[in-house]
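Here the structure is laid out as structure tokens; the discussion comes afterwards.
If you want it as structure tokens, here you go:
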């Protein structure tokens, strides 16, 4: 897609600090990292959200994400990683990308980046679960 920054990075026509690449994905440093070494992994093909990624590409894509999670941890001597995907909301570039953020104990990052809530009852929780389960293809 001509006007997509991540497509341009994947094709090499836009600059980025590329960490690794494969035939199907590219990993590069986030320009506004949560912590230094925060990597974004994006598929080379233009898809906007995780649900747009073809099922046939899941294994290769997440295998690459897995590799990057290990590399970030080992390469930066991090205690672990935080791996996350935003779909539409909080997705600053409309191209699927997975955040791989290095973590260390006591780094100050606590919980999630959004407010938490509770279900009013077990019945309400079960109703939400049923709504989601109902649309999952069998």
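In mature numbering (1 follows the signal peptide of the UniProt record, and there is no 0), the protein residues as written are -27 to -1, 1 to 111.
Every residue gets a Cβ at the ideal spot worked out from N, C-alpha and C, and that includes glycine.
All of these numbers come straight from a predicted model, not from anything done at the bench.
Contacts around residue i, its chain only, beta-carbon distance under 7 Å, and the 5 residues preceding and following it disregarded
i          : result
residue 17 : -18, -4, -3, -2
residue 70 : -22, 13, 14, 15
residue 8  : 74, 75, 80
residue 91 : none
residue 61 : 22
residue 49 : 10, 75
residue 28 : none
residue 77 : 51, 52
residue 26 : 16, 20, 34, 69
residue 45 : 10, 12, 51, 54, 73, 75
Identified DSSP bridge partners for residue i
i           : result
residue 105 : Answer is none; residue 105 lacks a bridge partner.
residue 54  : 75
residue 121 : In this structure the chain extends from -27 to 111, so residue 121 is not present and cannot be described.
residue 14  : -1, 71
Buried or exposed by the 16-neighbour rule on C-beta atoms within 10 Å, applied to residue i
i           : result
residue 75  : buried
residue 1   : buried
residue 10  : buried
residue 24  : exposed
residue 54  : buried
residue -11 : exposed
residue 34  : buried
residue 41  : buried
Span separating the alpha-carbon of residue i from that of residue j
i          : j           : result
residue 39 : residue 57  : 12 Å
residue 19 : residue 66  : 11 Å
residue 99 : residue 107 : 12 Å
residue 97 : residue 59  : 25 Å
residue -8 : residue -26 : 22 Å
residue 3  : residue 94  : 40 Å
residue 5  : residue 63  : 14 Å
Same chain, Cβ closer than 6 Å to residue i, five either side skipped, listed in chain order
i           : result
residue 110 : none
### Task
Give, in chain order, every unbroken run of the beta strand (DSSP E) that is at least 3 residues long and sits entirely within the stretch 16 to 63.
Every unbroken stretch of the beta strand (DSSP E) spanning 3 or more residues and falling wholly within the stretch 16 to 63 is given here in chain order: 53 to 58.
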